[in-house]
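**Student:**
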Amino acid sequence: MITGRYRQNIFGQSGGEYWKDLFCWPTHVVEHGHKIGIVVPTYKSYFFFKYGSKNDDFLGIKGREKEGKWFASASNQNKFLDPRERGNTLTYLKVCLLLTRAVRRMHAAGLCHSDLSYKNVLIDPEMGHACIIDVDGLVVPGKYPPDVVGTPDFIAPEVVKTSHLSKEDPNRVLPSITTDRHALSVLIYMYLFFRHPLRGGKIHDMSDEVRDETLSMGEKALFIEHPTDKSNAVKVSQLSSFSLPWADPEKIPYTIMGPYLTPLFERAFIDGLHDATKRPTADEWESALVKTVDLIQPCQNKACEQKWYVFSGKTKPVCPYCGTPYKGKLPVLNLYSSRKEGSYRPDDHRLMVWSGQSIYAWHVNRLIAPNERTTDLQRKRVGYFVFHNDQWWLVNEGINGLMSLPDKRQIAIGEKIELTNNAQFVLSKEEGGRLVVVQLVEN
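Taking the UniProt record's numbering as reference, the numbering of the sequence shown is continuous, increasing by one, and the terminal residue is 443.
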């Protein structure tokens with residue numbers, strides 16, 4: 001089935017070629033000497049360590065595959081990995097976006113992974129690539145039951161809580177799309193903060209380590225950044241210096257990821273931790289990640305390890321990683337779109353401006369989304385921003401309907417428009433076309 005109908009449902013549809021980079025999906029089943037195996041594609045070259053570990057690759061991992069676990073903790077990264085392998089905030093957002101998109105497609109096909117974890121993904125934080133592997137354990141809920149319950153750290157609390165029951169017991173919770181949603185949320189949290197959302201300082205059973213683990217990840221699971229119940233807060237005195245500052249939520253709280261991801265983390269680890277119906281879907285994560293990538297801002301400190309941070313919406317933005325405040329003029333583009341001609345409504349979507357930042361078709365029109373259905377033409381940038389003579393400008397490379405307001409002056413391709421405070425311009429008058437209102441922050 002996995003190499004037949006279910007493979008065809010994903011790769012044989014519109015945009016099917018896109019998924020070949022996001023899944024290492026079996027192509028054939030083979031039988032030899034009463035043994036059954038599967039044929040899978042080889043991994044892309046960027047999923048193998050180029051530099052390996054620190055100190056001239058002292059671990060000898062150069063050339064080995066980049067299993068996702070290498071990158072999921074600050075301690076692992078700081079102790080072992082060559083800095084050139086580690087990536088930054090922007091590339092990890094891209095990694096999370098691709099993983100989320102792949103899970104969304106899988107769920108849309110009625111499939112659940114059942115063992116989504118850092119052991120079953122390959123990621124390339126250097127450039128922002130990701131791929132889901134080991135999909136031979138896919139589950140069709142209600143039809144093909146799971147062979148595994150998952151990997152510790154990623155198993156949903158309700159699965160852990162009922163794991164002692166037999167599979168035939170109606171109260172036993174088995175992997176499903178809703179438990180995948182928990183695993184996906186944990187993956188995203190770990191790749192953006194390099195710590196686990198549930199592993200805090202609370203101990204439930206001093207005398208039985210196994211029972212303590214079962215309670216911590218199951219019935220008594222509690223978000224380490226819970227706003228009112230601090231009983232599972234991280235005990236900084238117990239942390240390794242290699243894990244700091246990342247392992248300390250007081251230093252790097254989940255809220256630094258901005259207005260779109262913050263509420264989803266709260267739904268995943270507060271509202272939906274013990275109520276699977278409230279967990280964010282892969283669709284919701286994907287939409288929030290797309291908007292968050294548009295909020296990314298380069299840190300002005302050239303020595304900043306993360307290089308980028310998410311704009312918080314504050315008028316005096318500061319890099320949360322190195323503490324460098326933004327200096328100078330900072331344009332923020334607030335996007336509105338038309339539901340009917342001449343009537344624009346706010347999209348709750350902003351685009352940060354920095355030198356070299358691009359505008360694409362999905363910024364011009366709300367009805368175009370950057371995903372597997374985006375055409376090659378739509379992937380081509382249609383404008384870019386430049387800071388020249390102490391002013392910010394948008395250079396029009398391919399926006400046919402660019403028009404300034406209120407004078408309705410057409411900005412031809414090859415011309416530019418100045419970004420001043422409260423300036424307005426139309427990117428497209430078509431249905432879904434965008435109106436931009438500029439907010440200029442000066443520090």
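Just so you know, even glycine gets a beta-carbon here, dropped at the ideal spot from N, CA and C. Quantities reported herein were computed from a predicted structural model and do not represent experimental measurements.
Excluding the five sequence neighbours on either side, which residues of its own chain have a C-beta within less than 6 Å of the C-beta of Lys94, listed in chain order?
**Tutor:** Your numbering for residue 94 matches position 94 in the sequence shown. Contacts found: Gly128.
**Student:** Taking the C-alpha atoms as reference points, what is the distance between His28 and His113?
**Tutor:** Indexing the sequence shown from 1 puts residue 28 at position 28. Indexing the sequence shown from 1 puts residue 113 at position 113. Those two C-alpha atoms are separated by around 19 Å.
**Student:** From Asp153 to Ile413, what distance separates their C-alpha atoms?
**Tutor:** One-based indexing of the sequence shown puts residue 153 at position 153. One-based indexing of the sequence shown puts residue 413 at position 413. Distance between the alpha carbons of Asp153 and Ile413 is about 52 Å.
**Student:** Under 6 Å Cβ to Cβ from Ile359, same chain only, skipping five residues before and after it: list those, please.
**Tutor:** Working through the sequence shown from its first residue, we reach residue 359 at position 359. If we look at Ile359 and ignore the five residues flanking it on each side, its Cβ neighbours are Val382 and Gly383.
**Student:** Any idea what DSSP makes of Gly37, helix, strand or coil?
**Tutor:** Along the sequence shown, read from residue 1 onward, the residue named residue 37 stands at position 37. In this structure, Gly37 counts as strand in the three-state DSSP scheme.
**Student:** Please classify Thr228 as buried or exposed, where buried requires at least 16 neighbouring CB atoms within 10 angstroms.
**Tutor:** For the purposes of this step, residue 228 is identified with residue 228 of the sequence shown, where counting begins at 1. It counts as exposed.
**Student:** Is the segment 120 to 127 close to the segment 215 to 228, with three or more CB pairs under 8 Å?
**Tutor:** No, they do not touch.
**Student:** How big is the Cα-Cα spacing for Gly37 and Gly137?
**Tutor:** Position 37 of the sequence shown holds residue 37. Position 137 of the sequence shown holds residue 137. When rounded, the distance between both Cα atoms is 13 Å.
**Student:** Looking at the strands, I want to know which residues DSSP matches up with Pro325.
**Tutor:** To locate residue 325, count along the sequence shown from 1; it is residue 325. Pro325 is bridged to Val318.
**Student:** Kindly indicate which three-state DSSP category Ser75 falls into: helix, strand or coil?
**Tutor:** Against the sequence shown, residue 75 aligns to sequence position 75. Residue state, collapsed to three classes: helix.
**Student:** For Lys94, which three-state DSSP category applies?
**Tutor:** Walking along the sequence shown from the start, residue 94 turns up at place 94. Residue state, collapsed to three classes: helix.
**Student:** Let me check understanding here. Comparing Cα to Cα, which of Val290, Val236 and Cys319 lies closest to residue 444?
**Tutor:** Nothing about residue 444 can be read from this structure; the chain reaches only from 1 to 443.
**Student:** Let me make sure I understand the geometry here. Which of Thr281, Phe47 and Asp275 has the alpha-carbon closest to that of Val159?
**Tutor:** The residue given as residue 159 occupies position 159 in the sequence shown. Nearest C-alpha to Val159: Asp275.
**Student:** Three or more C-beta pairs closer than 8 Å, one from the segment 189 to 196 and one from the segment 234 to 250: is that the case here?
**Tutor:** Touching, yes.
**Student:** How far does the beta strand (DSSP E) with Tyr384 in it reach, from first residue to last?
**Tutor:** Residue mapping note: residue 384 aligns to position 384 of the sequence shown, counting from 1. Run containing Tyr384: Gly383 to His388, per the beta strand (DSSP E) assignment.
**Student:** Under a three-way DSSP split, which group does Gly238 fall into?
**Tutor:** By one-based count along the sequence shown, residue 238 stands at place 238. Before going on, a small fix: residue 238 reads as Gln here, not Gly. Helix, per DSSP.
**Student:** Would Lys62 and Phe80 qualify as a contact pair, given that the criterion is a beta-carbon distance under 7 Å?
**Tutor:** Reading the sequence shown from its first residue, position 62 is the one you call residue 62. Reading the sequence shown from its first residue, position 80 is the one you call residue 80. Taking 7 Å as the Cβ cut-off, Lys62 and Phe80 do not qualify as a contacting pair.
**Student:** Rounded to the nearest angstrom, what separates Arg172 and Thr324 at their Cα positions?
**Tutor:** The sequence position of residue 172 within the sequence shown is 172, counting from 1. The sequence position of residue 324 within the sequence shown is 324, counting from 1. Roughly 50 Å between the two C-alpha positions.
**Student:** Report the CB separation of Gly15 from Glu286 in whole angstroms; it is logged as a contact under 8 Å.
**Tutor:** In the sequence shown, residue 15 corresponds to position 15, counting from 1. In the sequence shown, residue 286 corresponds to position 286, counting from 1. The Cβ separation is near 14 Å, so there is no contact.
**Student:** Compare the Cα-Cα distances from Ser312 to each of Leu261, Leu99 and Phe71 and report the closest residue.
**Tutor:** Along the sequence shown, read from residue 1 onward, the residue named residue 312 stands at position 312. Out of Leu261, Leu99 and Phe71, Leu261 has the C-alpha closest to the C-alpha of Ser312.
**Student:** How many angstroms separate the CA atom of Glu305 from the CA atom of Ala282?
**Tutor:** Along the sequence shown, read from residue 1 onward, the residue named residue 305 stands at position 305. Along the sequence shown, read from residue 1 onward, the residue named residue 282 stands at position 282. Whole-angstrom Cα-Cα distance: 29 Å.
**Student:** Nearest CA to the CA of Glu17: which residue from Arg105, Leu264 and Leu187?
**Tutor:** For the purposes of this step, residue 17 is taken as residue 17 along the sequence shown, with counting starting at 1. Looking at the Cα atoms, Arg105 is the closest of the given residues.
**Student:** Compare the beta carbon distance of Thr315 and Val441 with 7 Å and say whether it is the shorter of the two.
**Tutor:** If you number the sequence shown from 1, residue 315 lands on position 315. If you number the sequence shown from 1, residue 441 lands on position 441. Yes. Within cutoff.
**Student:** Which of helix, strand or coil does DSSP assign to Ala130?
**Tutor:** The count along the sequence shown starts at 1 and reaches residue 130 at position 130. Three-state result, Ala130: strand.
**Student:** Determine the closest residue to His317 out of Tyr336, Val426, Lys307 and Gln297, with distance taken between C-alpha atoms.
**Tutor:** Here residue 317 refers to the residue found at position 317 when the sequence shown is read from its first residue. Going by the sequence as given, residue 317 is Pro instead of His. Pro317 has its Cα closest to that of Gln297, out of Tyr336, Val426, Lys307 and Gln297.
**Student:** Return the residue from the list Lys251, Ser343 and Arg366 that minimises the CA-CA distance to residue 444.
**Tutor:** The question about residue 444 has no answer, for the chain in this structure spans 1 to 443.
**Student:** Would DSSP call Phe194 helix, strand or coil?
**Tutor:** Numbered from 1 along the sequence shown, position 194 holds the residue referred to as residue 194. In the structure shown, Phe194 sits in coil (DSSP, three-state: anything other than H, G, I, E or B).
**Student:** Taking DSSP as the reference, what is the three-state secondary structure of Asn396?
**Tutor:** In the sequence shown, residue 396 corresponds to position 396, counting from 1. Asn396 falls in the strand class under three-state DSSP.
**Student:** Could you give the uninterrupted runs of the alpha helix (DSSP H) lying entirely in the segment 13 to 69, keeping only those of 4 residues or more?
**Tutor:** As far as the segment 13 to 69 is concerned, its whole alpha helix (DSSP H) runs of at least 4 residues are 54 to 57.
**Student:** Between the segment 427 to 434 and the segment 395 to 405, do three or more beta carbon pairs fall short of 8 Å?
**Tutor:** They touch, by the three-pair rule.
**Student:** Residue range of the beta strand (DSSP E) that Pro346 falls in?
**Tutor:** Residue 346 sits at position 346 when you count from the first residue of the sequence shown. Here the beta strand (DSSP E) through Pro346 covers Ser343 to Met352.
**Student:** If the criterion is Cβ atoms closer than 7 Å, does the pair Arg84 and Tyr51 meet it?
**Tutor:** Position 84 of the sequence shown holds residue 84. Position 51 of the sequence shown holds residue 51. For Arg84 and Tyr51, yes; Cβs fall inside 7 Å.
**Student:** So within the segment 152 to 219, which uninterrupted alpha helix (DSSP H) runs reach at least 4 residues, ignoring any that extend past its ends?
**Tutor:** Correct list: 157 to 161, 177 to 193 and 209 to 217.
**Student:** Tell me where the beta strand (DSSP E) around Ser404 begins and ends.
**Tutor:** Locating residue 404 in the sequence shown gives position 404, counting from the first residue. Here the beta strand (DSSP E) through Ser404 covers Met403 to Leu405.
**Student:** What are the partner residues of Arg409, as DSSP defines its beta bridges?
**Tutor:** Taking the first residue of the sequence shown as position 1, residue 409 is located at position 409. Beta-bridge pairing links Arg409 to Ser404.
**Student:** Would you kindly check if the distance between the Cβ of Ser337 and the Cβ of Ser434 is under 7 Å?
**Tutor:** Here residue 434 corresponds to residue number 434 of the sequence shown, with the count starting at 1. Here residue 337 corresponds to residue number 337 of the sequence shown, with the count starting at 1. The residue you asked about is not Ser; residue 434 is Arg in the sequence shown. Their beta carbons are under 7 Å apart, which means Arg434 touches Ser337 by this criterion.
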